[in-house]
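Please read the structure below before turning to the comments.
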Amino acid sequence: MFRNQYDTDVTTWSPAGRLFQVEYAMEAVKQGSAAIGLRSKTHVVLACVNKASSELSSHQKKIFKVDDHIGVAIAGLTADGRVLSRYMRNECINYSFTYESPLPVGRLVVQLADKAQVCTQRSWKRPYGVGLLVVGLDELGAHLYYNCPSGNYFEYQAFAIGSRSQAAKTYLERRFENFTDSSREDLIKDALISVRETLQGEKLKSSICTVAVVGIGEAFHILDQETVQQLIDAFEIVGEDEPPVPEVGDAEADQAEAAAPAAEEGAAPMDI
Amino acid sequence: MEQKPFSRGLLSSEADSQRTLYPYVTGTSVVALKYKDGILMAADMGGSYGSTLRYKTVERMKSIGKHSLLGASGELSDFQEILRYLDELILYDNMWDDGNSLGPKEVHSYLTRVMYNRRNKFNPLWNSLVLGGVKNGQKYLGMVSMIGVNFEDDHVATGFGNHLARPILREEWHENLSFEDGVKLLEKCMRVLLYRDRSAVNKLQIAKITDEGVTVSQPYSLKTFWGFSAFSNPTAGAEGSW
Numbered sequence: 008m009f010r011n012q013y014d015t016d017v018t019t020w021s022p023a024g025r026l027f028q029v030e031y032a033m034e035a036v037k038q039g040s041a042a043i044g045l046r047s048k049t050h051v052v053l054a055c056v057n058k059a060s061s062e063l064s065s066h067q068k069k070i071f072k073v074d075d076h077i078g079v080a081i082a083g084l085t086a087d088g089r090v091l092s093r094y095m096r097n098e099c100i101n102y103s104f105t106y107e108s109p110l111p112v113g114r115l116v117v118q119l120a121d122k123a124q125v126c127t128q129r130s131w132k133r134p135y136g137v138g139l140l141v142v143g144l145d146e147l148g149a150h151l152y153y154n155c156p157s158g159n160y161f162e163y164q165a166f167a168i169g170s171r172s173q174a175a176k177t178y179l180e181r182r183f184e185n186f187t188d189s190s191r192e193d194l195i196k197d198a199l200i201s202v203r204e205t206l207q208g209e210k211l212k213s214s215i216c217t218v219a220v221v222g223i224g225e226a227f228h229i230l231d232q233e234t235v236q237q238l239i240d241a242f243e244i245v246g247e248d249e250p251p252v253p254e255v256g257d258a259e260a261d262q263a264e265a266a267a268p269a270a271e272e273g274a275a276p277m278d279i
Numbered sequence: 124m125e126q127k128p129f130s131r132g133l134l135s136s137e138a139d140s141q142r143t144l145y146p147y148v149t150g151t152s153v154v155a156l157k158y159k160d161g162i163l164m165a166a167d168m169g170g171s172y173g174s175t176l177r178y179k180t181v182e183r184m185k186s187i188g189k190h191s192l193l194g195a196s197g198e199l200s201d202f203q204e205i206l207r208y209l210d211e212l213i214l215y216d217n218m219w220d221d222g223n224s225l226g227p228k229e230v231h232s233y234l235t236r237v238m239y240n241r242r243n244k245f246n247p248l249w250n251s252l253v254l255g256g257v258k259n260g261q262k263y264l265g266m267v268s269m270i271g272v273n274f275e276d277d278h279v280a281t282g283f284g285n286h287l288a289r290p291i292l293r294e295e296w297h298e299n300l301s302f303e304d305g306v307k308l309l310e311k312c313m314r315v316l317l318y319r320d321r322s323a324v325n326k327l328q329i330a331k332i333t334d335e336g337v338t339v340s341q342p343y344s345l346k347t348f349w350g351f352s353a354f355s356n357p358t359a360g361a362e363g364s365w
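Protein sequences appear in the order of chains A and B.
FYI, in my numbering the residues of the first sequence are 8 to 279.
FYI, in my numbering the residues of the second sequence are 124 to 365.
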């Protein structure tokens, strides 16, 4: 693809109306290891592939607790992700202090998006090279958002980002209609199966994946390795069966957005 | 040439003329209680200029956003300032245009922060505020003083109300008061205040806030009784006095 001429800095448009630096930043997200999120009416689950760079080193932290009711999973430049998590934590704690109330996740997401947008319009900055799956609760229930380096954000029923996330998305697209009414356990199971899809044959073990849950009456927390291994064993023993998909006539508008990511690969990403 | 004395000390800043030193036009007590469907709040409409009952139609209770009601006693210009702060707060809250809104608890917390921070700068907003509201069926009633002391309770009062109204409320308040009983109870408190508080004026409003919204009543007066036998011949026991 012949696009080297207009990609030197983020404040240069290409003749086709694209900002290449921003698109390159989104490439960085695609290179990071996979992160998956799914939500029901009452719970949201995050699951990540956590590969250590060598046997001697520890895993990179990809899931961060932002507040009791908000958490985030990142894919891409983990350093950028860490900085943004700190920003999110700061915003949450300041809001809690002033209003003695949890910051609604929808508002935090907008603030994050606006922060990312600034980096797409200053010549002395670069876009954040990290995609964030933000999960949380607010007055209206459980939410899952995806924040893009471009400064866009979308709400999803289920989504996956990072390398080989397409495999997870395919699985999720088949099953997402049932997620709204899923139980917490089923939601976690679906998350683990999606992670397994991205591993492409490699055995799913709790040492390479991290799972976190938040729900109504349940603070955001990362499940410990033992619990995760037990869950994996529980459904792997049963086998690779997928329970028949019941016909649930949900017509939620945001379910259409779960299908939107499939379109991302072809057109300019910001066209969505 | 006369130099300005350095002895101002640490307590004053250059903007000394901006500090609140004492209140000028003040409102007297506000009384509020929780009842079955929400909150009832009462305040008279007087604005005193020292010991003169100067203004007789001052609205000392205002609705804030969809879910809250604020009543204030103390300096009325500071109350108006607070209303401007809250106006801006609610405006920005609405501008988010999402399904979330600030409830009474959040507004109360915000006001506490404002009052406390002003107190720390030695420039207080000279008010005692009563914040009541209902959100999603949850009733909330709280108070903030001019130095930032804040708390929540089933019934609150400011100023003289603390001394005259609250004992009545402690005795007679109970959970799930009907609207009529709540109003009767508030009127009883306001009547005592009218008799005994020098800055009280016989023109009051009662406001109610429920999940459906805020209603502030039209101003009205309480009936008072002065036909006590001791008043008919006050000098009976001491001839020559008045």
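In this text, a Cβ means the ideal position worked out from N, Cα and C, and glycines have one as well.
Cα-Cα separation between residue i and residue j, rounded to whole angstroms
i: residue 224 of chain B; j: residue 240 of chain A; result: 44 Å
i: residue 159 of chain B; j: residue 297 of chain B; result: 10 Å
i: residue 189 of chain A; j: residue 196 of chain A; result: 10 Å
i: residue 205 of chain A; j: residue 41 of chain A; result: 7 Å
i: residue 231 of chain A; j: residue 221 of chain A; result: 14 Å
i: residue 103 of chain A; j: residue 110 of chain A; result: 7 Å
i: residue 140 of chain A; j: residue 29 of chain A; result: 18 Å
i: residue 51 of chain A; j: residue 284 of chain B; result: 49 Å
i: residue 251 of chain A; j: residue 166 of chain A; result: The predicted position of residue 251 of chain A is uncertain, since its pLDDT is 46 and thus under 50; a value taken from the coordinates is nonetheless stated next. In a straight line, the C-alpha of residue 251 of chain A is about 21 Å away from that of residue 166 of chain A.
i: residue 149 of chain A; j: residue 191 of chain B; result: 26 Å
i: residue 175 of chain B; j: residue 223 of chain A; result: 56 Å
i: residue 152 of chain A; j: residue 217 of chain B; result: 21 Å
i: residue 157 of chain B; j: residue 239 of chain B; result: 26 Å
i: residue 331 of chain B; j: residue 143 of chain A; result: 34 Å
i: residue 155 of chain B; j: residue 166 of chain B; result: 9 Å
i: residue 313 of chain B; j: residue 171 of chain B; result: 17 Å
i: residue 216 of chain A; j: residue 334 of chain B; result: 46 Å
i: residue 131 of chain A; j: residue 123 of chain A; result: 14 Å
i: residue 281 of chain B; j: residue 304 of chain B; result: 21 Å
i: residue 57 of chain A; j: residue 208 of chain B; result: 47 Å
i: residue 80 of chain A; j: residue 45 of chain A; result: 12 Å
i: residue 251 of chain B; j: residue 197 of chain B; result: 6 Å
i: residue 152 of chain B; j: residue 205 of chain B; result: 18 Å
i: residue 121 of chain A; j: residue 88 of chain A; result: 16 Å
i: residue 237 of chain A; j: residue 208 of chain A; result: 20 Å
i: residue 247 of chain B; j: residue 200 of chain B; result: 12 Å
i: residue 253 of chain B; j: residue 161 of chain A; result: 40 Å
i: residue 347 of chain B; j: residue 315 of chain B; result: 10 Å
i: residue 345 of chain B; j: residue 168 of chain B; result: 13 Å
Residue burial classification, residue i (beta-carbon count within 10 angstroms, cutoff 16)
i: residue 286 of chain A; result: Since the displayed chain A opens at 8 and closes at 279, residue 286 of chain A lies outside it and no answer follows.
i: residue 365 of chain B; result: exposed
i: residue 286 of chain B; result: exposed
i: residue 145 of chain A; result: buried
i: residue 235 of chain B; result: buried
i: residue 11 of chain A; result: exposed
i: residue 183 of chain A; result: buried
i: residue 363 of chain B; result: exposed
i: residue 357 of chain B; result: exposed
i: residue 215 of chain B; result: exposed
i: residue 32 of chain A; result: buried
i: residue 199 of chain A; result: buried
i: residue 136 of chain A; result: buried
i: residue 186 of chain A; result: buried
i: residue 249 of chain A; result: With a pLDDT of 48 at residue 249 of chain A, under the threshold of 50, the modelled position of that residue is not reliable, and no figure is offered here.
i: residue 343 of chain B; result: exposed
i: residue 233 of chain A; result: exposed
i: residue 259 of chain A; result: Because the pLDDT of residue 259 of chain A is 39, which lies under 50, any placement of that residue in the model is unreliable, and the number read from its coordinates should be weighed accordingly. Under this definition residue 259 of chain A is an exposed residue.
i: residue 17 of chain A; result: buried
i: residue 164 of chain A; result: buried
Neighbour flag for residue i against chain C, beta carbons, 7 Å
i: residue 321 of chain B; result: Given the protein chain composition of this structure (A and B), no chain C is represented.
May I ask you to list, following chain order, the residues of the segment 139-153 of chain A that have a beta carbon less than 7 Å from some beta carbon of chain B?
-> 145, 146, 147
In chain order, what residues of the segment 221-243 of chain B put their CB closer than 9 Å to some CB of chain A?
-> 221, 222, 223, 224, 225, 226, 228, 229, 230, 231, 232, 233, 235, 236
Could you please tell me which residues of the segment 103-134 of chain A, in chain order, have their CB closer than 7 Å to any CB of chain B?
-> 105, 106, 107, 108, 111, 113, 114
Between the segment 175-186 of chain B and the segment 306-326 of chain B, do at least 3 Cβ pairs fall closer than 8 Å?
-> yes
Evaluate the contact criterion for the segment 86-103 of chain A versus the segment 114-126 of chain A: three or more CB pairs, one atom per stretch, below 8 Å.
-> yes
Every unbroken beta strand (DSSP E) inside the segment 281-341 of chain B [3 residues or more] = 327-333, 336-339
Ranges of the beta strand (DSSP E) found wholly within the segment 136-180 of chain B, counting only runs of at least 3 = 148-150, 153-157, 161-167, 170-172, 175-178
Do the segment 293-307 of chain B and the segment 255-272 of chain B touch if we need at least three Cβ pairs shorter than 8 Å?
-> no
Chain-ordered residues of the segment 205-219 of chain B with a beta carbon less than 8 Å from chain A | 219
Whole beta strand (DSSP E) elements within the segment 186-231 of chain A, 3-residue minimum | 216-222, 225-229
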